[in-house]
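Same order as they appear, the protein sequences are chains A and B. If you're matching positions, the first sequence starts at 135 in our numbering and goes up one per residue. If you're matching positions, the second sequence starts at 768 in our numbering and goes up one per residue.
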Amino acid sequence: MTFGPKELQADVQQKNMCIGCGACVSICPYFKTYKGKTAAMFQCSRESGRCYAYCPKTGVNLDRISEKLYNKKYSSDALGNLKAIYTSEKSDKASKGNFQNGGTVSALMEFALKNKTIDSAILTKRNGAVSIPEIVTDHEKVHAYASSKYGLSPVVSKFNEGAESGYKKIGVVGTPCSIIAMANIRSNPTDIPDFVDKSGIVIGLFCTWALDTSKFEDALKDKIDLTLLQKVDIPPPPADVMTFTTSHNEITLPLSEMRKGIPLGCTYCHDMTGEFADISVGALELKGEKNKNIIIVRTERGEQLVNDAVKSGYIKTAPLPAEALSGLSTASMNKKKRAFTRLVDEKMINNLTERPMIVVDDQSLKNIMNEKGGM
Amino acid sequence: MSILDYKDGSVNLLMGNEAIARGAVEAGVRVAAGYPGTPSSEIIENLAAVAGKAGLYVEWSVNEKVSLEVAAAGSFAGLRSMCVMKQNGVNVASDFLLHLGLSGTRAGMVLVPCDDPGAISSVNEGESRHFARLLELPLIEPGNFQEAIDMIKWAFELSEKIRNVVVVRSVTRLSHASGNVKVGTLPKNNDTPVFKYDGNLLDALNGPVITAPVPFKHRQQQEKLKAVAEIFETSEFNTYTGPENPELLIITSSACSLYSLEAVNVLELDKRVGVLKLGTTYPLPEKLVKKHVASAKKILFVEEVQPFLEDLTKIAAAAWEDVGVKKYHGKYDASIPTVNELNPDIVIAALTKILGIDYRPVPEDYEKKGTILSFTGAPNREVTFCPGCPHRASFWSIHNVLTLQGKGGFVCGDIGCYTIGILGAGFNTLKTTHSMGSGLGIASGFGKLRGLGMKQDAVAVCGDSTFFHSIIPALVNAVHVKSDMMLIVFDNKGTAMTGFQPHPGTETDAMGAKVNALNIESICRAIGADVHVSDPFDITGTQDKLFDLIENGKGPRVLIMQQSCALSPEKKGKNKYVMNVDESLCRGENCGCDRFCTKIFRCPGLVWNRDKSVSMIDSVICTGCGVCKNICPAGAIKSEEVKAC
């Protein structure tokens, strides 16, 4: 059964499930993105379309995309399909930047562009509270896109635009929702006859939630000069705050207040670590450790890039301490359990509804919902 | 051929509005003013065309109220004058009209409102007849083309008899249809205008022209009206057609008298039904009406929209103890609808029902088939903007910006071609439409609701002529109260919808003379708004400005979108680009486009090629504005600049 723009609007936009990844944007003139929000400009009369098929909030068949990407069914493990997991940080050859943690992602993209693993990279820059994805082709400019934005970024719209305009090996950096959309696109759900996967490397960023752009803006516009915003961070517990650093000052707001700006769609998300990426990267949260990342290598091409980047002196890796691994696994599994439980409760998964948000093997679903967390 | 060129006494095919204009010249009118509005505009246009030759002053005024004041000055100075407007213009002019009726006039002064029952070219079904009653002024209504010329002439005489304004009401079907008219002679008239004011306060011809003392003047006005009623009793413009004692008497006026006569004729009821056509409708010639009512058993009032003759007659009939009991049909028993214009079929339906006649013009199954086919068989011809219309480009940008911003922003509009921004042609962007200039007044109000928690952005749109007509006070208000909203002026360089009449922003007047062109931008700036200008054909630049102004602007903002109307004389035959569609790039029906340009953008210059399943340009009607090039997602629409020869 295929669906189109009408169902997309009914299931996603009208139910406030849209997380603004931009998967439906730049493939047609009907959907556009602005300041983190996707808008249906006009009513399209097609009965089926890529817009519905690419959306990470409609009919995502986890087993199907796993088969396409990893040649196996969806892994119900806490961290998904993986080949290796390390701590990592940028190394000497990589440019300096305003990194969130270890600078691993910037270093990898800089290296990938330089050694031509990719011909372009979709990276997100900040303009106040607004996250703006751009197509970057110059490796020397990569570092300028460093640091977490927290506002929804329509990364996939830029991938679509890049693919349309002729790039063939596009590097994509995005939060798990964008990575699921990328997996949808790469699995050719609409059976385009001469389909070519235009992604060169896909890097997923660990994510628990992001912020709706206008709510982000509203929460801060009277408190700081948003045009000078340089860094947004959530210090490890028990701080329970979010910090916003500008070139002039830093302010701290209670996490509970900022959480009000979480889009509804985020609360149905099961994926914390970007399970359908080639490589996933996040912060290493470990006492005494600062400015380091956790890196999960998931695919062969991911493995190749990481190994080459290490060899070429762009990143360095080290074994991940067991404590950090268990912490990450617990957090990730909890997100899965929360999301799948909610999806089951609200009859939004598998055959509980005509148009489910997620489709997954019943056994995997049971495994996750009964799991207590951990690897 | 101008209205002066008809030979004295010759019979000519004239449009109703031409007949009215010719009648005015024959009556020796020297001053004529109005504001453009369908179906009235041709009257002033015809007079303006002969102004120099006939020694007239003709003006398109800034609005109807001012036009009535300009015309009144002519009368006060001893020259016959006329004022012309469409039905809702009377509402605008009514404040001055109330006072003018009280002060009285000097040389003959005639007000010609052209009503539009059915709102064929209007956004309302307003009626000027009721103003005559409300403001206590004589009202006459031509029922055919000859009467249009003859009654205008008579109206001037009547006005001078009572020294007050006479209202001559036309309707679309009279103003815009044509018929045979025998013209009269043209006068020689070169009186020098002088305004006399030295006489006594109560001296109507030599004193100051004022409304005080009000009870005295008001009584005087009412006495004049009584005198008019007496004159009306014997007017040749009230005619009766039918048997001496008809079974049913139709009382009607204006174009409805023609529908009535046709209905009687179709039903062959000339021996049973009589038609009393009133040319003088207010005040009602009661004795005449009573005589005819007394002769029939049943009375049917055939008039458009609200009951007027019916009410006047019934009120009068309350005192007619000697006419016996009559059965009245009309608006109150739903024999005649109270909305929309009438036609012979509606009158036929009323007559057959009242008289119990079985009449079927076509067999039942044929009628049924016709109804079905008219719904299913006829192609859908939607109301749309012309090819190359700047309004389509403007609404495209406004719609896209407001939709992308996703904050429920909306547009308040008014009367103009851009009113169809409500429909698909304007991407359903307009959300309110009322009288001229009201979009801004409403937006000014919405803008202040921010203080009460409203989050949506309010945008008003108006045309350039409307800007002068009635936007300025609303802008003053918005600036004064610091309303948080935005005005967009669609400046297409003329009163485009009604036929490019000049307005205060144009450099020539109605008669072709050089006048001062007022600058909208400077006016807005002087009022104190934050003013910006853009070309709506520059889609990207316009949208950038809109994003910035709506999102970052505070208080009253004005964006003037400047681009001449696609039909403007300056653009005729001067296409900027030759457009074509690269068929290899057009995505047509495939996913990703869904015939975006022909289904959504819908400029009539873009058509769908069924055979090839691609879009193409209709080069006959394309005006080469180049806008569609910007909307094609595949870049398939190409433009080639036309080189100047």
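Just so you know, even glycine gets a beta-carbon here, dropped at the ideal spot from N, CA and C. Note that this is a predicted model, so its numbers are computed, not measured.
Query: Status (buried if at least 16 other CB within 10 Å, exposed otherwise) for H1247(B); Result: exposed
Query: T1186(B) beta carbon less than 9 angstroms from that of T1196(B); Result: no
Query: Whole-number beta carbon distance between S828(B) and V976(B), since they are thought to touch under 8 angstroms; Result: Their Cβ separation, rounded to whole angstroms, is 19 angstroms, which puts V976(B) and S828(B) out of contact at 8 angstroms.
Query: Presumed contact (8 angstroms Cβ cut-off) between T347(A) and G170(A), rounded CB distance; Result: 3 angstroms
Query: Contact list for R435(A) against chain B, beta-carbon separation under 7 angstroms; Result: Those within 7 angstroms of R435(A) in chain B number zero; the least Cβ separation is about 28 angstroms.
Query: Own chain residues within Cβ distance below 8 angstroms of E1011(B), not counting five before or after; Result: S1062
Query: Spatial neighbours of A788(B) in its chain, beta-carbon cut-off 7 angstroms, leaving aside the 5 residues before and after; Result: I770, I810, N813 and L814
Query: DSSP-derived helix/strand/coil call for L454(A); Result: coil
Query: CB contact flag (G1155(B), A1333(B), <9 angstroms); Result: yes
Query: Cβ pair G790(B), A915(B) closer than 9 angstroms; Result: yes
Query: Partners in chain A for N1376(B), counting only beta-carbon separations shorter than 7 angstroms; Result: None at all; the shortest Cβ gap to chain A is about 19 angstroms.
Query: Inter-residue Cα distance where the pair is N784(B) and I1018(B); Result: 25 angstroms
Query: Proximity test, Cβ basis, 9 angstroms: T1170(B) and chain A; Result: yes
Query: Contact residues within the stretch 1348-1367 of chain B, judged by C-beta distance below 7 angstroms to chain A; Result: C1358, G1359, C1360, D1361, F1363 and I1367
Query: Reduced DSSP category for R198(A) - H, G, I as helix; E, B as strand; rest coil; Result: helix
Query: Through-space distance from T1008(B) to E1035(B), alpha-carbon basis; Result: 13 angstroms
Query: Per-residue DSSP class, three states only, for V1150(B); Result: coil
Query: K1410(B) beta carbon less than 9 angstroms from that of N1347(B); Result: no
Query: contact_flag[the stretch 1052-1070 of chain B, the stretch 996-1007 of chain B] where n(CB pairs < 8 angstroms) is 3 or more; Result: yes
Query: Own chain residues within Cβ distance below 6 angstroms of V778(B), not counting five before or after; Result: N947 and K949
Query: Backbone CA spacing between N1032(B) and A1227(B) [nearest angstrom]; Result: 51 angstroms
Query: Separation of P288(A) from G138(A), as counted between CA atoms; Result: 20 angstroms
Query: Assigned exposure category for F176(A) - 16 Cβ within 10 Å defines buried; Result: buried
Query: Residues that P1400(B) contacts on chain A, provided the C-beta gap is smaller than 8 angstroms; Result: C162 and P163
Query: CB of V1178(B) within 9 angstroms of CB of I1317(B), strictly; Result: no
Query: Buried or exposed by the 16-neighbour rule on C-beta atoms within 10 Å, applied to G508(A); Result: Residue confidence is low: G508(A) scores 41 on pLDDT, short of 50, so the model does not pin down where it sits. No coordinate-derived value is stated.
Query: Assigned secondary structure, R117(A) (DSSP; H/G/I helix, E/B strand, else coil); Result: Past the boundaries of the shown model lies residue 117(A); chain A is included only from 135 to 509, so the question cannot be answered.
Query: Contact with chain A by F1194(B), beta-carbon distance below 9 angstroms; Result: yes
Query: Backbone CA spacing between G1208(B) and M1252(B) [nearest angstrom]; Result: 11 angstroms
Query: N1167(B): contacting residues in chain A (beta-carbon distance under 7 angstroms); Result: M175
Query: L1051(B) versus T1006(B): straight-line alpha-carbon distance, rounded; Result: 14 angstroms
Query: Exposure label - M768(B); buried when at least 16 CB within 10 Å; Result: exposed
Query: Proximal residues to K1215(B) (C-beta, below 8 angstroms), its chain only, five neighbours per side dropped; Result: V1248, S1250 and D1251
Query: Runs of alpha helix (DSSP H) lying entirely within the stretch 159-234 of chain A, each at least 4 residues, in chain order; Result: 184-188 and 196-204
Query: Short CB-CB distance (under 9 angstroms) between M509(A) and chain B; Result: Annotation note: pLDDT 41 at M509(A) (below 50); position unreliable, no value reported.
Query: Cβ-heavy atom distance, A821(B) to the ligand FAD, below 8 angstroms; Result: Within the structure as shown, the ligand FAD is missing, as the structure has no ligands at all.
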